[in-house]
Amino acid sequence: PQLSEMLGALKVLKTENANLARDFEKAEAELGKMANPEREAYMHKYALGKLHEEFDRYKVEVAEQQHKEAQEMRRLQENLANRAASDDAAKAALRAEVKDL
């Protein structure tokens, strides 16, 4: 009696397992239908748009940084030019003083 009960229970488990497998395959097929190409294309287009926006912001940031660096370079060049001019003026004044001696 126990063996026949165990075999019966085993058959029930096998049937339940087969039913679960069939239900799982149905669910997968249903999910496959839901993954429509139009939605995926829209998502890709949206992501690409976001990447373009981010790249445009990056280009603006780089341009602003380059502008700041160019301004700083001009300021440094002007300072050097002014310093060189004042050095030249000081040398000329020293020469004039030395001549007078």
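The sequence shown: position 29 = 9 (this note's numbering), numbered continuously.
C-beta: ideal position from N, C-alpha, C; glycine also.
Under the three-state reduction of DSSP output, residue 81 falls in the coil class, being neither helix nor strand. Going by DSSP, residue -3 is part of the alpha helix (DSSP H) stretching over -18 to 14. When rounded, the separation of the alpha-carbon atoms in residue 54 and residue 33 is 32 Å. A straight-line Cα-Cα distance of about 16 Å links residue 29 and residue 18. Rounded to whole angstroms, residue 39 and residue 57 show a C-alpha spacing of 27 Å.
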